[in-house]
């Protein structure tokens, strides 16, 4: 019941519009993954080349 009280607007939005925030969550996950992969990298000039290869 607490979950519903906290997230009721999002739940009702889904049923009204059939839309979710999945795209935003996916984008946030990609940012989190990027930060994890390049934590501690000192050569910032080499990062764009590495990203474009993946």
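In this note's numbering, the protein residues as written are 71 to 124.
All C-beta atoms, glycine included, are put in the ideal place defined by N, C-alpha and C.
Does DSSP put residue i in a helix, a strand or coil?
i	result
residue 91	coil
residue 71	coil
residue 108	coil
Within the same chain, show all residues whose beta-carbon is closer than 8 Å to that of residue i, passing over the 5 residues directly before and after it, in chain order.
i	result
residue 91	80
Using C-beta distances below 7 Å, list every residue in its chain close to residue i, excluding the 5 sequence neighbours before and after it, in chain order.
i	result
residue 86	none
In chain order, what residues of the same chain have a beta carbon less than 6 Å from the beta carbon of residue i, not counting five sequence neighbours either side?
i	result
residue 71	none
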